[in-house]
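*Asks:* Residue numbers (the numbering used here), protein chains in the order written: chain Y, 419 to 582; chain E, 236 to 312.
Heads up, the beta-carbon is just placed ideally off N, CA and C, and yes, glycines get one too.
Model, not experiment: these values are computed from the prediction.
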Amino acid sequence: METVPDENAESMTLIVFSDALDRALAAFNLANTGAAMGMRVDIFFTFWGLSVIKKGGMERGERSFMQWMMGLMKRGTPGRLKLSEMNMMGLGTGAMKGLMKKYRMPSLEESMALAREQGVRYIACTTSMAMMGLTEDDFIEVDEYAGAATYLSLASKGSVNLFI
Amino acid sequence: MEADRTIDCVGLYCPMPIVRTAQAIKEMEPGQVLELLADDPGVRSDMPAWAEKTGNEFLGIEEVGGEIKVYVRKAVS
């Protein structure tokens, strides 16, 4: 899905560096609020943050053994992410998901779907992809595959730029 | 206060009341009034901030018990 940004809108950029569930939730909360406030929102996924938008495939493909192993340990997909604190072998993460459901807070998957509905754009860092042996086929919908200059060009026009 | 449309966000937390408001306003006609029902205390501050940012008019808040009613008029221009 390709989203067309409004060039005149005020803009916000987020760098999602981490694959922690709690950080991803915070990032998408801000992305959804910014989009609802009429802002253009671009999220740059880099390093472990790429896990948030991975499809979670396990096949080796063209990857080196090291890259493949790294991919198996960091399979990604929103549903597999863990809390940065109190994960407790998954018990803490499960408890947090239960609490969020109880209080009718959107899951990460729901927040991501909402973000796309609202036109939030995804950019995947090609340097991190190369290091991890990932290709465009490893990701869900991404608007742009790019590097730091693309991020900085957007960030220099943005009024809110955060590293999460 | 008379409203053209009401959305019920009771039991929902940030950012859902704001997102639902933005979606509802998009579907409404300029000058129409939206009523938001909520119980997250954050909306008291978040709704005026949203309205200011988006150019819509924040009309005020009424509170009865734990229920918060927020009124916003869709921008005419």
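Between the segment 569-580 of chain Y and the segment 431-440 of chain Y, do at least 3 Cβ pairs fall closer than 8 Å?
*Replies:* Verdict: yes, contact present.
*Asks:* Between the C-alpha atoms of residue 387/Y and residue 453/Y, what's the straight-line distance to the nearest angstrom?
*Replies:* Residue coverage of chain Y in this structure runs from 419 to 582, which leaves residue 387/Y outside it and unanswerable.
*Asks:* Under 7 Å Cβ to Cβ from residue 467/Y, same chain only, skipping five residues before and after it: list those, please.
*Replies:* So the list reads 434, 435, 436, 437, once near-sequence residues are dropped.
*Asks:* Apart from the five residues on each side of it in sequence, which residues of its chain come closer than 7 Å, Cβ to Cβ, to residue 419/Y?
*Replies:* At residue 419/Y, the pLDDT of 41 sits below 50, so the modelled position is not reliable; the number obtained from the coordinates is stated separately. Only 534, 559 meet the Cβ criterion.
*Asks:* Does the segment 550-566 of chain Y come within contact of the segment 472-491 of chain Y, defined as at least 3 CB pairs closer than 8 Å?
*Replies:* Yes, the segment 550-566 of chain Y is in contact with the segment 472-491 of chain Y.
*Asks:* Rounding to the nearest angstrom, what Cα-Cα distance links residue 505/Y and residue 240/E in this structure?
*Replies:* Answer to the nearest angstrom: the Cα atoms are 43 Å apart.
*Asks:* Here's the rule I'm using: 16 or more other beta-carbon atoms within 10 Å means buried, otherwise exposed. How should residue 517/Y be labelled?
*Replies:* So residue 517/Y ends up on the exposed side.
*Asks:* Of all the residues that make up the segment 444-464 of chain Y, which are near chain E by a beta-carbon distance shorter than 7 Å?
*Replies:* Cβ contacts with chain E: 447, 450, 451, 454, 455, 456.
*Asks:* Out of curiosity, what's the CA-to-CA distance linking residue 443/Y and residue 260/E?
*Replies:* Cα to Cα, the separation comes out at about 25 Å.
*Asks:* Rounded to the nearest angstrom, how far is the Cβ of residue 550/Y from that of residue 489/Y, given a contact under 8 Å?
*Replies:* About 7 Å; that satisfies the 8 Å criterion.
*Asks:* Compare the C-beta of residue 243/E with all C-beta atoms of chain Y and state if any pair is closer than 8 Å.
*Replies:* No, because no Cβ of chain Y sits closer than 8 Å to the Cβ of residue 243/E.
*Asks:* If you follow the beta strand (DSSP E) that residue 459/Y is part of, which residue opens it and which one closes it?
*Replies:* Looking at the DSSP string, the run of the beta strand (DSSP E) that includes residue 459/Y is 458-463.
*Asks:* Could you give the DSSP three-state label for residue 419/Y: helix, strand or coil?
*Replies:* Legend: pLDDT at residue 419/Y = 41, less than 50; position of this residue unreliable, no value from coordinates given.
*Asks:* Grouping DSSP H, G and I as helix and E and B as strand, with all else coil, what is residue 236/E?
*Replies:* Three-state result, residue 236/E: coil.
*Asks:* Does the segment 479-497 of chain Y come close enough to the segment 560-569 of chain Y to have 3 or more Cβ pairs within less than 8 Å?
*Replies:* The segment 479-497 of chain Y is not in contact with the segment 560-569 of chain Y.
*Asks:* Who are the near neighbours of residue 580/Y in its chain, counting only those whose CB is closer than 6 Å to its CB and skipping five residues on each side?
*Replies:* The answer, listed in chain order, is 432.
*Asks:* According to DSSP, is residue 446/Y part of a helix, a strand, or is it coil?
*Replies:* Of the three classes helix, strand and coil, the one that applies to residue 446/Y here is helix, per DSSP.
*Asks:* Which residues in chain Y have a C-beta closer than 7 Å to the C-beta of residue 247/E? List them in chain order.
*Replies:* Those are 522, listed as they occur along chain Y.
*Asks:* Got a sec? Which residues, its chain only, sit under 8 Å from residue 447/Y by beta carbon, not counting five neighbours each side?
*Replies:* The residues are 529.
*Asks:* Between which two residues does the alpha helix (DSSP H) holding residue 247/E run?
*Replies:* Neither: residue 247/E is in no alpha helix (DSSP H) and is coded neither H nor E.
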